[in-house]
Amino acid sequence: MSLAVTLSRAQEGVTAPQVIVEVHLSGGLPCTNIVGLPEAAVREARDRVRVAIQNTAFEYPNRRVTVNLAPAELPKDGGRFDLAIALGILAASGQVPREKLDDCEFLGELALTGSLRSVSGVLPALLRARSRGRRVVVPRENAAEAALVPDVDVRVADTLAEVCGWLRGAHELSMPVGIPSDGGAEDGPDLADVRGQLQARRALEITAVGSHHLLLIGPPGTGKTMLAERLPGILPPMSESEALETCAVLSVAGQTADLARWRRRPFRSPHHTASAVALVGGGSYPRPGEISLAHNGVLFLDELPEFSRHVLEVLREPMESGHIMISRAARQSTFPAQFQLVAAMNPCPCGYVGDPSRRCQCTPDQIQRYRSRISGPLLDRIDLCVEVPPVPLAELGSPRSERDEDSATVRERVLKARRQSLMRAGRPNAEISTRELERDCALGPAERRWFETALERLGLSARAYHRVLRVARTIADLDGGAALLEREHLAEALQYRRL
Numbered sequence: 000m001s002l003a004v005t006l007s008r009a010q011e012g013v014t015a016p017q018v019i020v021e022v023h024l025s026g027g028l029p030c031t032n033i034v035g036l037p038e039a040a041v042r043e044a045r046d047r048v049r050v051a052i053q054n055t056a057f058e059y060p061n062r063r064v065t066v067n068l069a070p071a072e073l074p075k076d077g078g079r080f081d082l083a084i085a086l087g088i089l090a091a092s093g094q095v096p097r098e099k100l101d102d103c104e105f106l107g108e109l110a111l112t113g114s115l116r117s118v119s120g121v122l123p124a125l126l127r128a129r130s131r132g133r134r135v136v137v138p139r140e141n142a143a144e145a146a147l148v149p150d151v152d153v154r155v156a157d158t159l160a161e162v163c164g165w166l167r168g169a170h171e172l173s174m175p176v177g178i179p180s181d182g183g184a185e186d187g188p189d190l191a192d193v194r195g196q197l198q199a200r201r202a203l204e205i206t207a208v209g210s211h212h213l214l215l216i217g218p219p220g221t222g223k224t225m226l227a228e229r230l231p232g233i234l235p236p237m238s239e240s241e242a243l244e245t246c247a248v249l250s251v252a253g254q255t256a257d258l259a260r261w262r263r264r265p266f267r268s269p270h271h272t273a274s275a276v277a278l279v280g281g282g283s284y285p286r287p288g289e290i291s292l293a294h295n296g297v298l299f300l301d302e303l304p305e306f307s308r309h310v311l312e313v314l315r316e317p318m319e320s321g322h323i324m325i326s327r328a329a330r331q332s333t334f335p336a337q338f339q340l341v342a343a344m345n346p347c348p349c350g351y352v353g354d355p356s357r358r359c360q361c362t363p364d365q366i367q368r369y370r371s372r373i374s375g376p377l378l379d380r381i382d383l384c385v386e387v388p389p390v391p392l393a394e395l396g397s398p399r400s401e402r403d404e405d406s407a408t409v410r411e412r413v414l415k416a417r418r419q420s421l422m423r424a425g426r427p428n429a430e431i432s433t434r435e436l437e438r439d440c441a442l443g444p445a446e447r448r449w450f451e452t453a454l455e456r457l458g459l460s461a462r463a464y465h466r467v468l469r470v471a472r473t474i475a476d477l478d479g480g481a482a483l484l485e486r487e488h489l490a491e492a493l494q495y496r497r498l
């Protein structure tokens, strides 16, 4: 029988659908055909595989070789199928045992020398293989990434010859060695470096507890960027499932995570010249953008009005849904995008309107045009808008006071308050549903009448009504976790809706 079957995984978004590699040898003029909707890189595998087999001291069959990649309707690209194709050819020609291929999946690109090169998207492939109970063989360059996935039998190899020797029973392939993780502890920028800004620090703490979106507004040099950069230091560490999701997005994007700190929440800060595709992802072969690379972490947009309005508008849907679907003519991919948006902006083009120490040079029309670059629907999705005023020079030069708490102190309060929301709803307050909102954000009769009157006077939308309640619930959690929201919780949440 001149037929062999091996298994591999394609890359489609952050999923890894199974690909069955069928190899058949038949009579006729020697040639190699690859079918099953292969892209250019896959079609070129016939030359890479032939030379790699010959340079590994195996015999390439002098027959007609047909390679079918099933399912046929799934597009296949990249060099990730090289190893599976080579082993299928060797098994079909009787040079390696067929029965050893049944419960294994193979990923890896072959060099002409027969060595294995790393491929992207290994982490999603391992997660899917784990659910099927199969062992996986990957290049050694992907070993550190493969070690992140527990409860899966992963083997690493340097060359095609090593894999063939393992299949023949000549030796064992090594398993990846995990890298010790710091558990999410932060040694980055500390909140103690920020002097003053008590309201902004309070808003940052509320943001960390409830995973809310935050907008910082103030003149240049008041510490907006400093505050935003210190948010990851007070956020709770990611759970194992969250960390694997985030690393899977990086793997699909072809980026290498800091594996020693893989439990830390990502912090992405794209420049304001970034395009819509760079922000949300795209391309003819869809790749994740910045919002997906910030999944379970922070997306910081500095100088918010300098971003193109079209670029900002593409944020609106993923801010609500927590994912982004990218559709192209040939394929459609969905990427996760559960991020916290933290943005910073000046109050006017020159930046000094309302600054007591410097005179603003902008006209009212210029200020209006500047602020109108951010649409009302986008602002409506931001939970907290906070003014960051200039800090007096005397306070900047003074020693650190008790009010200037460090990140570790604030983080303890954040973890305590976050635990309450997780025990109550299983998720941060910003992500609770409308039904859960009615259950967890109960108001007394007097508080409800006062709250409805305040909403009418402020002219807030239904979305803003729900978001204010979520922020008030977070404030109540920081205040001890009262079952009923008090008027002071509602009042503080309402003051953050000002712009």
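Just so you know, we're using numbering that gives the first Met the number 0 here: the sequence shown kicks off at 0 and counts up by one. For glycine and all other residues, C-beta sits at the position ideal for the given N, C-alpha and C.
{"Check": "Could you check how far apart the C-beta atoms of L215 and V66 are, in whole angstroms? I think they sit under 8 Å.", "Outcome": "Contact doesn't hold; Cβ gap of about 56 Å is too wide."}
{"Check": "Check C349 in the structure and name its three-state DSSP category.", "Outcome": "coil"}
{"Check": "Rounded to the nearest angstrom, what separates L395 and Q196 at their Cα positions?", "Outcome": "11 Å"}
{"Check": "Report back the beta-carbon spacing between V341 and L230 to the nearest angstrom; my notes put them in contact at under 8 Å.", "Outcome": "6 Å"}
{"Check": "Under a three-way DSSP split, which group does R267 fall into?", "Outcome": "strand"}
{"Check": "May I have the straight-line CA-CA distance separating E239 from R262, to the nearest angstrom?", "Outcome": "7 Å"}
{"Check": "Quick one: measure Cβ to Cβ for V155 and L172, integer angstroms, because I've assumed they're closer than 8 Å.", "Outcome": "7 Å"}
{"Check": "Under 8 Å, with one C-beta from each stretch per pair, do the segment 24–35 and the segment 111–128 reach the 3-pair mark?", "Outcome": "no"}
{"Check": "State yes or no: is the C-beta of S250 within less than 9 Å of the C-beta of L106?", "Outcome": "no"}
{"Check": "Between M225 and the rest of its own chain, which residues show a CB-CB distance below 6 Å, the 5 nearest in sequence each way excluded?", "Outcome": "V193"}
{"Check": "Can you find at least 3 beta carbon pairs, one from the segment 286–302 and one from the segment 327–347, that sit closer than 8 Å?", "Outcome": "yes"}
{"Check": "Touching or not, the segment 397–411 and the segment 432–445, by the rule of three or more beta carbon pairs under 8 Å?", "Outcome": "no"}
{"Check": "Taking only runs of the beta strand (DSSP E) that begin and end inside the segment 65–129, which ones reach a length of at least 3 residues, in chain order?", "Outcome": "103–105"}
{"Check": "Going by DSSP, name the residue or residues bridged to L166.", "Outcome": "Partner(s): none; L166 has no beta bridge."}
{"Check": "So the candidates are V153, V279, P236; which of them puts its Cα closest to the Cα of P248?", "Outcome": "Here residue 248 is Val; the residue named in the question, Pro, does not match the sequence. Of the candidates V153, V279, P236, the one whose C-alpha sits nearest the C-alpha of V248 is V279."}
{"Check": "Opposite Q339 in the DSSP bridges: which residues?", "Outcome": "V297"}
{"Check": "Decide if V176 is buried, meaning its Cβ has at least 16 other Cβ atoms within 10 Å, or exposed.", "Outcome": "exposed"}
{"Check": "Report the rounded CA-to-CA distance for V153 versus M174, giving the unit in angstroms.", "Outcome": "6 Å"}
{"Check": "Could you tell me whether the segment 2–20 touches the segment 52–60, where touching means 3 or more Cβ pairs closer than 8 Å?", "Outcome": "no"}
{"Check": "Starting from P444 and walking both ways along the alpha helix (DSSP H), at which residues does that stretch end?", "Outcome": "444–457"}
{"Check": "With DSSP as the reference, label R426 as helix, strand or coil.", "Outcome": "coil"}
{"Check": "Could you say which of P265, A69, D157, A490 lies nearest to P235 if we only look at CA atoms?", "Outcome": "P265"}
{"Check": "Quick one: what's F334 bridged to in DSSP?", "Outcome": "I323"}
{"Check": "Tell me which same chain residues have a C-beta within less than 7 Å of the C-beta of A481, skipping the five on either side of it?", "Outcome": "A475"}
{"Check": "If you drop the 5 nearest sequence neighbours on each side, which residues of the same chain put their C-beta closer than 6 Å to that of G120?", "Outcome": "Q10, S250, V251"}
{"Check": "Taking a contact to mean a Cβ-Cβ separation below 9 Å, would you say L473 touches A424 in this structure?", "Outcome": "Looking at the sequence provided, one finds Thr at residue 473 rather than Leu. Result no, Cβ atoms of T473 and A424 do not sit closer than 9 Å."}
{"Check": "I believe R462 touches D379 by the beta-carbon criterion, under 8 Å. Please report the beta-carbon distance rounded to the nearest angstrom.", "Outcome": "5 Å"}
{"Check": "Which same chain residues end up closer than 8 Å to V276 when comparing Cβ atoms and leaving out the 5 residues on each side of it in sequence?", "Outcome": "G282, G288"}
{"Check": "To the nearest whole angstrom, what separates the beta carbons of D76 and Y284, a pair I think is in contact under 8 Å?", "Outcome": "6 Å"}
{"Check": "Under the three-state reduction of DSSP, which class applies to G232: helix, strand or coil?", "Outcome": "helix"}
{"Check": "Suppose contacts are defined by Cβ-Cβ distances below 9 Å. Is E204 in contact with V413 by that definition?", "Outcome": "yes"}
{"Check": "Ordered along the chain, which non-local residues of its own chain (more than five positions away) have a Cβ less than 6 Å from that of G350?", "Outcome": "P218, P219"}
{"Check": "Looking only at C-alpha atoms, which of Q367, T14, Q494 sits nearest to R127?", "Outcome": "T14"}
{"Check": "Quick check on D382: buried or exposed, where buried means 16 or more other Cβ atoms within 10 Å of its Cβ?", "Outcome": "buried"}
{"Check": "Tell me, to the nearest whole angstrom, how far the beta carbon of L109 is from that of L100; I am working on the premise that it is less than 8 Å.", "Outcome": "That belief does not hold up - the Cβ atoms of L109 and L100 are roughly 17 Å apart, past 8 Å."}
{"Check": "Rounded to whole angstroms, what is the Cα-Cα separation between I33 and T55?", "Outcome": "22 Å"}
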